[in-house]
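Engineer: My questions all concern the structure below.
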Amino acid sequence: MTDASKKCIFPARPTLQMIKWNHIQHRLPLVLAAALLLLAGQSCSRYSTDVKEIMVLPVGANALKVATKVTCRAERDAAVEYWPQGHADQKTTTPLSTAKTVHNIVLTNLQGATKYEYRILTGHGSNLKASKVYEFTTNDIPVWMKDIFRVVCPDSSVLPAAFGKGYVMLTQREDPGYVCMVNARGKIVWYHQVHNAGYKVARFTASNTVLGLLGGAGYETSYGDQILEVSLTGDTLLYLKKGQGDFKQTIHHEILEDKDHLLTLCVEERVMDLSSIGGSKTDTIKGDGILVLDRKGHQVWKWTVFDELDPLKEKNILKEKGDWMHANCITIDKDGNYLVSFYNNGQIWRIDSKTGKRLWTLGKNGSFPIPDSAFFDQAHGIHFDQRGYLTFFDNGVSKKTSRTLTFAIDGQQAKLMNNTVLPPEFYNERMGSSYQITDSTLLTCATKRNSVLLTNLEGRFLWLLKTGMSSYRANFIAADRLQPFINQPGY
Numbered sequence: 001m002t003d004a005s006k007k008c009i010f011p012a013r014p015t016l017q018m019i020k021w022n023h024i025q026h027r028l029p030l031v032l033a034a035a036l037l038l039l040a041g042q043s044c045s046r047y048s049t050d051v052k053e054i055m056v057l058p059v060g061a062n063a064l065k066v067a068t069k070v071t072c073r074a075e076r077d078a079a080v081e082y083w084p085q086g087h088a089d090q091k092t093t094t095p096l097s098t099a100k101t102v103h104n105i106v107l108t109n110l111q112g113a114t115k116y117e118y119r120i121l122t123g124h125g126s127n128l129k130a131s132k133v134y135e136f137t138t139n140d141i142p143v144w145m146k147d148i149f150r151v152v153c154p155d156s157s158v159l160p161a162a163f164g165k166g167y168v169m170l171t172q173r174e175d176p177g178y179v180c181m182v183n184a185r186g187k188i189v190w191y192h193q194v195h196n197a198g199y200k201v202a203r204f205t206a207s208n209t210v211l212g213l214l215g216g217a218g219y220e221t222s223y224g225d226q227i228l229e230v231s232l233t234g235d236t237l238l239y240l241k242k243g244q245g246d247f248k249q250t251i252h253h254e255i256l257e258d259k260d261h262l263l264t265l266c267v268e269e270r271v272m273d274l275s276s277i278g279g280s281k282t283d284t285i286k287g288d289g290i291l292v293l294d295r296k297g298h299q300v301w302k303w304t305v306f307d308e309l310d311p312l313k314e315k316n317i318l319k320e321k322g323d324w325m326h327a328n329c330i331t332i333d334k335d336g337n338y339l340v341s342f343y344n345n346g347q348i349w350r351i352d353s354k355t356g357k358r359l360w361t362l363g364k365n366g367s368f369p370i371p372d373s374a375f376f377d378q379a380h381g382i383h384f385d386q387r388g389y390l391t392f393f394d395n396g397v398s399k400k401t402s403r404t405l406t407f408a409i410d411g412q413q414a415k416l417m418n419n420t421v422l423p424p425e426f427y428n429e430r431m432g433s434s435y436q437i438t439d440s441t442l443l444t445c446a447t448k449r450n451s452v453l454l455t456n457l458e459g460r461f462l463w464l465l466k467t468g469m470s471s472y473r474a475n476f477i478a479a480d481r482l483q484p485f486i487n488q489p490g491y
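Numbering-wise, the sequence shown is residues 1 to 491 according to full-length UniProt numbering.
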């Protein structure tokens, strides 16, 4: 008969923790031994005897993930069921790992510095049998992550149910960078940390993974040289670094998945003779481009602002050559074409994703007549909302008033559908985002104010997250998209 130690606690410094099922031999009189073996067999029949060895390990320095290595005596399916000690009603069960002798299973949905009980489920398909119950204790989250978020919510009953159950994703742009998800009470429920780089921006993909742009030393604000995709269990699914393949340019502000490709904004520099307009013969103009890569870093498609505009015809080029247009966001419309927003000229361009031709311009000197109230200074976080309307955050520098604008565009006209003004104290001159949560609520990130707000369409504040960092954007993730890996709703 085999047995195992029933306790495995992580020390402060992450070291390998192991639970071994040791073979114990009892030297007893034959008759008594036979009786004990019978009793032992009856007792053990309650538990699975498939498992030979269990190893429990921390996942790097991440306090909210634990790795298990389950070795079975023969090929089996396996899962881990676990819960905070004393709270068996809060069980989490991992996805089933199938048809293996050795199963590497990562536990998520954990809390820091908490004792857990767990057991191994083994067998075939839905016919699973549980092992005995064992214990482990998680490490605490880093000190610098504690109390970094504070929620102000005068009346939680007015929050949309989906928001109360869902999560907000934010990024720390400085080193050490991390991307995290917090619930509606401001509690960190998931994070992924990197070293020697900042997490400039991140997207939660259609595949329920986290795709991020990282920037090492020398890459400030929203510029980066690395692309990283991780799963909710922390597995690295993709990593590309500048210089690899056709990834030659610095990426900035954006990283999106586009089917099997990566869609980015890149820095595009050209040395030009500007002596005819008062510059030098070798002036460097810093412009922008769209770079589409495959998952191995090979270029699929490229476009630059130089394809569309001649710098010599731009009246302010000598003044603006160090940051000519400052593209800050890209999105894809229903036809597969690209929309790019530019901070410096108050415009959004629609660009044909095959020919590179500019199809229309929204904003100053644009293709559509719009009322004065609809003109915007700078657009950030452009995207199409649930109704198919173009929505974005306007920094509003000229009026020192930030807002969310929504347009219905049919190619012939642009109709302003919504204009939600932020309270004056949340005026946000750079960066930021705004996304529809329900038909009547918006989640807005005021980066420079270290604040994320949930408001109604009239701009009335319903919920506020004060942060200890300046996340470039704040993205909402519905609760069902994180199942079964995270289940810690705020309300």
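The C-beta atom is built at its ideal place from N, Cα and C for all residues, glycine as well.
What you are looking at is a predicted structure, and each value in this text was computed from that prediction instead of being measured.
What does a CB cutoff of less than 6 Å around S156 pick up in its chain, not counting 5 residues either side in sequence?
Structural biologist: Y491
Engineer: I'd like the list of long-range same chain contacts for K400, defined as Cβ closer than 7 Å, with 5 residues on each side in sequence excluded.
Structural biologist: Y427
Engineer: Taking only three categories from DSSP, how would you classify R449?
Structural biologist: The answer is helix: DSSP assigns R449 an H, G or I state.
Engineer: Which partner residues does D283 have in the DSSP bridge list?
Structural biologist: M272
Engineer: Less than 8 Å between the beta carbons of R350 and N337, yes or no?
Structural biologist: Their beta carbons are under 8 Å apart, which means R350 touches N337 by this criterion.
Engineer: Once the 5 residues before and after P484 are set aside, which same chain residues still bring their CB inside 6 Å of it?
Structural biologist: none
Engineer: Could you pull the DSSP bridge partners for M181 from this structure?
Structural biologist: M169 and W190
Engineer: Taking 8 Å as the threshold (C-beta atoms), are V51 and T122 in contact?
Structural biologist: yes
Engineer: If distances are taken between C-alpha atoms only, which option among E81, H253 and V182 comes closest to A479?
Structural biologist: V182
Engineer: Would DSSP call Q226 helix, strand or coil?
Structural biologist: Three-state DSSP puts Q226 in a strand.
Engineer: Residue range of the alpha helix (DSSP H) that I317 falls in?
Structural biologist: Membership of I317 in the alpha helix (DSSP H) is indicated by the continuous run I317 to E320.
Engineer: Have a look at M367 and T331 and give me their C-alpha separation to the nearest angstrom.
Structural biologist: Before going on, a small fix: residue 367 reads as Ser here, not Met. The straight-line gap from Cα to Cα measures roughly 19 Å.
Engineer: Within the same chain, show all residues whose beta-carbon is closer than 8 Å to that of L339, passing over the 5 residues directly before and after it, in chain order.
Structural biologist: I330, T331, I332, D333, I348, W349, R350, I351, I382 and L390
Engineer: Report the residue from W324, K321, K242 and I285 whose alpha carbon sits nearest the alpha carbon of Q299.
Structural biologist: The shortest CA-to-CA distance from Q299 to any of W324, K321, K242 and I285 is the one to K242.
Engineer: Using the three-state DSSP reduction, which class does I277 fall into: helix, strand or coil?
Structural biologist: helix
Engineer: Please return the same chain residues whose Cβ sits closer than 8 Å to the Cβ of V189, not counting the five positions on each side in sequence.
Structural biologist: Cβ neighbours of V189 beyond the five flanking positions: L64, N109, Y167, M181, V182, N183, I486 and Q488.
Engineer: When DSSP labels each residue in this structure, what does M417 get in the three-state scheme?
Structural biologist: strand
Engineer: Would DSSP call W144 helix, strand or coil?
Structural biologist: Helix at W144.
Engineer: Is it buried or exposed, P371, if we count other Cβ atoms within 10 angstroms and call 16 or more buried?
Structural biologist: exposed
Engineer: State the CB to CB distance for the pair D288 and V271, rounded to an integer number of angstroms; the pair is presumed to be in contact (CB under 8 Å).
Structural biologist: That belief does not hold up - the Cβ atoms of D288 and V271 are roughly 16 Å apart, past 8 Å.
Engineer: If you draw a straight line from the alpha carbon of V397 to that of S373, how long is it in whole angstroms?
Structural biologist: 14 Å
Engineer: Three Cβ pairs or more, each shorter than 8 Å: is that satisfied between the segment 221–239 and the segment 306–318?
Structural biologist: no
Engineer: Going by DSSP in three states, S231 sits in which element: helix, strand or coil?
Structural biologist: coil
Engineer: Quick check on the burial criterion: 16 or more other C-beta atoms within 10 angstroms. Buried or exposed for H87?
Structural biologist: exposed
Engineer: Give me the Cα-Cα distance between Q249 and F376, rounded to the nearest whole angstrom.
Structural biologist: 29 Å
Engineer: Roughly how many whole angstroms lie between the Cα atoms of G279 and D323?
Structural biologist: 16 Å
Engineer: Have a look at Y472, L442, V230 and Q436 and flag the residue whose alpha-carbon is nearest the alpha-carbon of T205.
Structural biologist: V230
Engineer: Tell me where the beta strand (DSSP E) around E135 begins and ends.
Structural biologist: Y134 to T137
Engineer: Using 8 Å as the threshold, is the C-beta distance between D258 and V292 below it?
Structural biologist: Yes, these two residues count as a Cβ contact at 8 Å.
Engineer: Just how far apart, CA to CA, sit V31 and G234?
Structural biologist: Bear in mind that a pLDDT of 30 at V31, under 50, signals an unreliable position, so the number given afterwards is only what the model happens to contain. Their backbone Cα atoms lie some 53 Å apart in a straight line.
Engineer: How far does the beta strand (DSSP E) with V51 in it reach, from first residue to last?
Structural biologist: V51 to V59
Engineer: Mind checking whether the beta-carbon of S131 lies closer than 7 Å to any heavy atom of the ligand HEM?
Structural biologist: Here there are no bound small molecules, and the ligand HEM is not part of this structure.
Engineer: Measure how close the beta-carbons of R430 and K448 come, nearest whole angstrom, since I'm counting them as under 8 Å.
Structural biologist: 6 Å
Engineer: Please classify A379 as buried or exposed, where buried requires at least 16 neighbouring CB atoms within 10 angstroms.
Structural biologist: buried
Engineer: Mind checking which residues open and close the beta strand (DSSP E) that includes C72?
Structural biologist: N62 to P84
Engineer: Straight-line CA distance for H326 to N316?
Structural biologist: 14 Å
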